[in-house]
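In this note's numbering, the protein residues as written are 2 to 139.
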């Protein structure tokens, strides 16, 4: 099964490179340039994970994440902040955002891909358990 990634970043060059890396790893990538256009995309697609920049025009990553978490149908989608404002060692992890994970843009994609696989596998496991028990958990 091909997993879908919603990639949200106002830097077109970064989005292009990130999308190429993700697609070469087997992911289907849907791109958006800010939180507002990403919310519009979420009306028609349900990604397996959202990867978002933090600082963007129109709607930044914090507000976008908050809007996703407020929507019952989208709240369980794993949300990853990928930002230049996070150190490569993970410090400054943005405790004020409801994102599930925070990574630095300075991290190599080679290091991020296994993390992404783990994030999606964990979400798939939670979803399967929820279906078995008849509940919806985040």
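Here a beta-carbon is modelled for each residue, glycine too, at the ideal position from N, C-alpha and C.
Short CB-CB distance (under 7 Å) between residue i and chain D
i          : result
residue 61 : Given the protein chain composition of this structure (a single chain), no chain D is represented.
For residue i, the nearest candidate out of the options (CA to CA)
i           : options         : result
residue 45  : 25, 24, 35, 74  : 74
residue 50  : 80, 119, 99     : 80
residue 115 : 34, 27, 78      : 27
residue 122 : 85, 78, 107, 84 : 78
residue 107 : 52, 17, 84      : 84
Residue environment, residue i, which counts as buried when at least 16 other CB atoms sit within 10 Å
i           : result
residue 59  : exposed
residue 105 : buried
residue 21  : exposed
residue 76  : exposed
residue 48  : buried
residue 181 : Only positions 2 to 139 of the chain appear in this structure, which leaves residue 181 out of reach.
residue 88  : Unreliable placement is indicated for residue 88, whose pLDDT of 49 sits below 50; the coordinate value is still reported in the next sentence. It counts as exposed.
Nearest-angstrom Cβ-Cβ length linking residue i and residue j, presumed shorter than 8 Å
i           : j           : result
residue 9   : residue 61  : That belief does not hold up - the Cβ atoms of residue 9 and residue 61 are roughly 10 Å apart, past 8 Å.
residue 5   : residue 31  : 6 Å
residue 64  : residue 36  : 6 Å
residue 101 : residue 57  : About 19 Å; that fails the 8 Å criterion.
residue 82  : residue 103 : 5 Å
residue 3   : residue 29  : 5 Å
Residue range of the unbroken alpha helix (DSSP H) whose run includes residue i
i           : result
residue 78  : Note, residue 78: premise wrong, no alpha helix (DSSP H); not H, not E.
residue 123 : 110 to 134
Extent of the continuous beta strand (DSSP E) run through residue i
i           : result
residue 32  : 29 to 33
residue 142 : Beyond the ends of the chain as shown, which are 2 and 139, falls residue 142; an answer cannot be given.
residue 5   : 5 to 9
residue 171 : It is not possible to answer for residue 171, since the shown part of the chain is limited to 2 through 139.
For this session: Check whether the stretch 58 to 71 touches the stretch 27 to 44, counting contact only when three or more Cβ pairs, one atom from each stretch, lie closer than 8 Å.
Result: In short, these stretches touch, since the Cβ pair count reaches three.
Exercise. When the Cβ atoms of the stretch 102 to 112 are set against those of the stretch 127 to 136, are three or more pairs found closer than 8 Å?
Worked result: no
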